[in-house]
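K.L.:
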Amino acid sequence: MPRRVVYYPSDKDFLNHLVKFIEPPSGAHLVDLGCGDGRVLHVFGRHYDDIRVTGVEIDPNLVRVARQKLSSIGDRAKVIKGDLFKENLERYDIIYAYLTRDALSHMRNKLIRFLYEGGLLVTHDYPVPGLEPSRVHLIDLGGKKHYIFLYFDKERVRRDLIKGLKI
Numbered sequence: 004m005p006r007r008v009v010y011y012p013s014d015k016d017f018l019n020h021l022v023k024f025i026e027p028p029s030g031a032h033l034v035d036l037g038c039g040d041g042r043v044l045h046v047f048g049r050h051y052d053d054i055r056v057t058g059v060e061i062d063p064n065l066v067r068v069a070r071q072k073l074s075s076i077g078d079r080a081k082v083i084k085g086d087l088f089k090e091n092l093e094r095y096d097i098i099y100a101y102l103t104r105d106a107l108s109h110m111r112n113k114l115i116r117f118l119y120e121g122g123l124l125v126t127h128d129y130p131v132p133g134l135e136p137s138r139v140h141l142i143d144l145g146g147k148k149h150y151i152f153l154y155f156d157k158e159r160v161r162r163d164l165i166k167g168l169k170i
């Protein structure tokens, strides 16, 4: 039986800030682990017309909603109905994860391998237990605070993935 992760959607103001803070390079492939209704993918796919976005979601109702939401982006967007804990991360350049500490802890070894291969990991509000973030960014939306934790291996990261970061 797959592990379940609580669905908690990101708010619009946060996403508007995030899409300007993280600037994926042309041709990048971004994945949202536990993409829910696809709102993160939709914002990135609409804002950057030269990247691919993929979501991994286990809930069939959310998969249906996400696929419908992303239909306007065309073949640059895809939603996989599957278990994010089993997803092969090697094909992606950037991982976005708004997951609990427990879920991130469970994925820690996979995420370390991803970083070792030169990828960029972005987590929302929760750090990966046992990993030191490369950067932490606070977003204050009128008193509601959010944190973006950025992880990359300074020696191995693809330089184009971090060049556009607003840090």
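According to this note's numbering, the stretch in the sequence shown is residues 4 to 170, in order. Just so it is clear, CB atoms sit at the ideal spot from N, CA and C, and this is done for glycine as well.
1) Identify whether A80 lies in helix, strand or coil by the three-state DSSP scheme.
2) Roughly how many angstroms separate the alpha carbons of G58 and Y11, rounded to a whole number?
3) Within the stretch 104-149, note down every full alpha helix (DSSP H) run reaching 4 residues or more, in order along the chain.
4) When the Cβ atoms of the stretch 148-164 are set against those of the stretch 104-121, are three or more pairs found closer than 8 Å?
5) Three-state secondary structure (DSSP) at A69?
6) Suppose the cutoff is 7 Å on Cβ atoms and the five residues either side in sequence are ignored; what does the same chain contact list for M110 look like?
7) Name, in chain order, the residues that DSSP records as bridge partners for D86.
8) Among residues of its own chain, excluding the 5 on either side of M4, which ones have a beta-carbon nearer than 6 Å to its beta-carbon?
9) Where does the unbroken alpha helix (DSSP H) through D163 begin, and where does it stop?
10) Should E90 be labelled buried (16 or more other beta-carbon atoms within 10 Å of its own) or exposed?
11) Could you check whether V82 and L107 sit closer than 8 Å to each other, using their CB atoms as the reference points?
12) Tell me, please, whether the stretch 97-106 touches the stretch 31-40 by the rule of three or more beta-carbon pairs shorter than 8 Å.
13) Under 8 Å, with one C-beta from each stretch per pair, do the stretch 38-52 and the stretch 139-152 reach the 3-pair mark?
14) Helix, strand or coil: how does DSSP classify G58 here?
15) Given a cut-off of 8 Å, decide if R55 and R1 are closer than it, judged by their beta-carbon atoms.
16) In this structure, how does DSSP classify D16 when only helix, strand and coil are distinguished?
17) From Y150 to P136, what distance separates their C-alpha atoms?
P.N.:
This is what the structure gives:
1) strand
2) 15 Å
3) 104-119
4) yes
5) helix
6) F88
7) Note: D86 sits in no beta bridge, so no partner.
8) Unreliable placement is indicated for M4, whose pLDDT of 37 sits below 50; the coordinate value is still reported in the next sentence. Excluding residues within five positions, none has a Cβ falling inside 6 Å.
9) R162 to K166
10) buried
11) no
12) yes
13) no
14) strand
15) Coverage of the chain is limited to positions 4 through 170, which leaves residue 1 absent and any answer about it impossible.
16) helix
17) 11 Å
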